[in-house]
């Protein structure tokens, strides 16, 4: 069972919807990965091309894991209307028919960085810590109560600002990045808010006790930790002290 | 872990594709639920309206479980192309956008039989054995190797003939059944073969050892058993001896 923080206030009356939402947003203000030193280096143009490659190759594992996470969540949903809503998240990542989807757009980025596609999609040279964090997220939505599983997606509330910052920062600071390879982030500027709004309303409506609300806030914290841990691993391997684990990607 | 039959021939060389397919089809010839006495009564016009209601109300649980099963399977699939193919099964059952989907068509049938929609969708008066069988199927695709999980869908190879028989038999034999309420089965006449063809090719290609082939054949047997057990429970409760379990649907 995935660990959640202890519920300190579980027996108190529920928070108002406004206070509940504020508690969720406070988690982002505290520990969303836009605060991580690695992101500051990435967006500020302080990384080498090899370090940006390492980031994109590792982050692929997360992109590729998201539709499995969403399918795992859907496999627990008995409400057909909720499944009909949630499934578009899988379409967004895997594509549907002619639409190639977000994972394909991520591979356009890794192509643009000069990485070999099979090397990226095999995930064989990703950091183990990256893959552990991604799989922790997939398991979380299987094991937690449904409303808590949904709440773990709420980091999307904080995503548009990091994506705007990333698009501007990377275009300005790296000569090996151009507009076409950043298509993934541009698309997420519209997709993420739609998803986040739906999930936030769902969580507000379905977390009725203080204990459920606290568990949802803890879920956002957990999810932030899965993102933060990925950047810690990148920073350790490719910035300071720069110790690449056995078998992981080594920039040329 | 879901039980599978012991593998008697696991160390022998693999079957040819033709023999492997024949072994799969032999399972249907032996134990697909079109051979069950309850289906013979159903299609032959030998049931009362109350017994047909009991069948439709219970079978709803299976219909409603299928998209969860397909999402559970997708949650294990790392191959994006396979997920992009498999997702249309969820669309077929849950609908997509304007298309209402197979579960909605099943509810048109239960409406037509005079059942209350909330009563059907709550599943509260379904037979416990029905729900156990459905959940055993959902668990199976989570727990078994992926190719074996895919193989469990291959009862669709046998579905079109039962659907054709059902449409003709029920229209001819029951004055409370008309063409509109059988829309579910008419749609499945085209959907099931597409799905079955894809899954059969996948299984033939990916079950490479005799042990894997035997496990796939056992999966089709397992799936047939989940369908058969549902009819056994209906027969026991509503035909002979006609012992309805506590809390289950009682025809008016």
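Protein chains in written order, with our numbering: chain F, 1 to 252; chain L, 253 to 504.
Where is the CB? At the ideal position from N, CA and C, for every residue including glycine.
Test: residue i CB closer than 8 Å to a CB of chain L
{"i": "residue 122 of chain F", "result": "no"}
{"i": "residue 67 of chain F", "result": "yes"}
Classification of residue i by the beta-carbon crowding that lies within 10 angstroms, buried from 16 upward
{"i": "residue 438 of chain L", "result": "exposed"}
{"i": "residue 41 of chain F", "result": "buried"}
{"i": "residue 319 of chain L", "result": "buried"}
{"i": "residue 369 of chain L", "result": "exposed"}
{"i": "residue 195 of chain F", "result": "buried"}
{"i": "residue 362 of chain L", "result": "buried"}
{"i": "residue 143 of chain F", "result": "exposed"}
{"i": "residue 164 of chain F", "result": "exposed"}
{"i": "residue 214 of chain F", "result": "buried"}
{"i": "residue 253 of chain L", "result": "Residue confidence is low: residue 253 of chain L scores 47 on pLDDT, short of 50, so the model does not pin down where it sits. Its coordinate-derived value is still stated next. Exposed, because fewer than 16 other Cβ atoms sit within 10 Å of the Cβ of residue 253 of chain L."}
{"i": "residue 57 of chain F", "result": "buried"}
{"i": "residue 531 of chain L", "result": "Residue 531 of chain L is absent from the structure shown; chain L starts at 253 and stops at 504."}
{"i": "residue 271 of chain L", "result": "exposed"}
{"i": "residue 413 of chain L", "result": "exposed"}
{"i": "residue 330 of chain L", "result": "exposed"}
{"i": "residue 457 of chain L", "result": "exposed"}
{"i": "residue 253 of chain F", "result": "A query on residue 253 of chain F cannot be resolved here, the shown segment of chain F reaching from 1 to 252 and no further."}
{"i": "residue 246 of chain F", "result": "exposed"}
{"i": "residue 474 of chain L", "result": "buried"}
{"i": "residue 44 of chain F", "result": "exposed"}
{"i": "residue 69 of chain F", "result": "buried"}
{"i": "residue 178 of chain F", "result": "exposed"}
{"i": "residue 427 of chain L", "result": "exposed"}
Under 7 Å by beta carbon: chain F residues contacting residue i
{"i": "residue 324 of chain L", "result": "75"}
{"i": "residue 355 of chain L", "result": "80"}
Short CB-CB distance (under 8 Å) between residue i and chain F
{"i": "residue 503 of chain L", "result": "no"}
{"i": "residue 518 of chain L", "result": "Any answer about residue 518 of chain L is impossible in this case: the structure gives chain L only from 253 up to 504."}
{"i": "residue 276 of chain L", "result": "no"}
{"i": "residue 253 of chain L", "result": "Since pLDDT at residue 253 of chain L reaches only 47, below the 50 mark, its modelled position is unreliable, and the value read off the structure follows with that caveat. False, the Cβ-Cβ gap to chain F never drops below 8 Å."}
Chain L contact residues for residue i, given Cβ-Cβ distances below 9 Å
{"i": "residue 95 of chain F", "result": "332 and 336"}
Boundaries of the alpha helix (DSSP H) in which residue i is found, first to last residue
{"i": "residue 456 of chain L", "result": "435-458"}
{"i": "residue 391 of chain L", "result": "380-395"}
{"i": "residue 406 of chain L", "result": "Where residue 406 of chain L is concerned, there is no enclosing alpha helix (DSSP H), given that its DSSP letter is neither H nor E."}
{"i": "residue 122 of chain F", "result": "117-122"}
{"i": "residue 77 of chain F", "result": "Element bounds for residue 77 of chain F: n/a, residue is neither H nor E."}
{"i": "residue 350 of chain L", "result": "That residue, residue 350 of chain L, is in no alpha helix (DSSP H); it is neither H nor E in DSSP."}
{"i": "residue 276 of chain L", "result": "269-283"}
{"i": "residue 43 of chain F", "result": "37-43"}
{"i": "residue 211 of chain F", "result": "210-238"}
{"i": "residue 420 of chain L", "result": "411-425"}
In chain order, what residues of the stretch 488-499 of chain L put their CB closer than 8 Å to some CB of chain F? none
Short-range partners of chain F found in the stretch 398-431 of chain L, where Cβ spacing is below 7 Å: none
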